[in-house]
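Below: one structure, written as structure tokens.
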Amino acid sequence: MKPSLKDEVIKHLSSLPYEDQRRVLNFVRKLAASGPKGVPGKKLLRFAGAIAPGDVEIMRRVIEIDCEKVDLNEW
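Mapped onto the working numbering, the consecutive letters of the sequence shown carry residue numbers 1 to 75.
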């Protein structure tokens, strides 16, 4: 029988030193507290077609021209 995900996590967690277990606990708490972010796509459907097709084409071209470059001296 395949162990559950929870059993697998507990197995590995119990083999970690105490400080690492505390780090895992803190990480899990942060994950649980964060919850889902953003807006469901259904709520955004009312915006479909809100931007004029000509404007969309301009944005597409600008993104293609300006965002596909790598400036090696930027850093």
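Note that the Cβ used here is the ideal one computed from N, Cα and C, for glycine as well.
_What would DSSP say about residue 73, mapped onto helix, strand or coil?_
What you label residue 73 is simply residue 73 of the sequence shown in a count that begins at 1. Three-state result, residue 73: coil.
*asked:* Contact defined as beta carbons within less than 8 Å: I believe residue 31 pairs with residue 24. What is the distance between those atoms, to the nearest angstrom?
replied: As a working mapping, residue 31 is identified with position 31 in the sequence shown. As a working mapping, residue 24 is identified with position 24 in the sequence shown. The pair is not a contact, with the Cβ atoms about 11 Å apart (cut-off 8 Å).
*The alpha helix (DSSP H) enclosing residue 31, as first and last residue numbers*: Position 31 of the sequence shown, counted from the start, is the residue given in the question as residue 31. From DSSP, the alpha helix (DSSP H) with residue 31 extends over 18-34.
_Mapping the DSSP letters down to three states, classify residue 58 as helix, strand or coil._
If you number the sequence shown from 1, residue 58 lands on position 58. Of the three classes helix, strand and coil, the one that applies to residue 58 here is helix, per DSSP.
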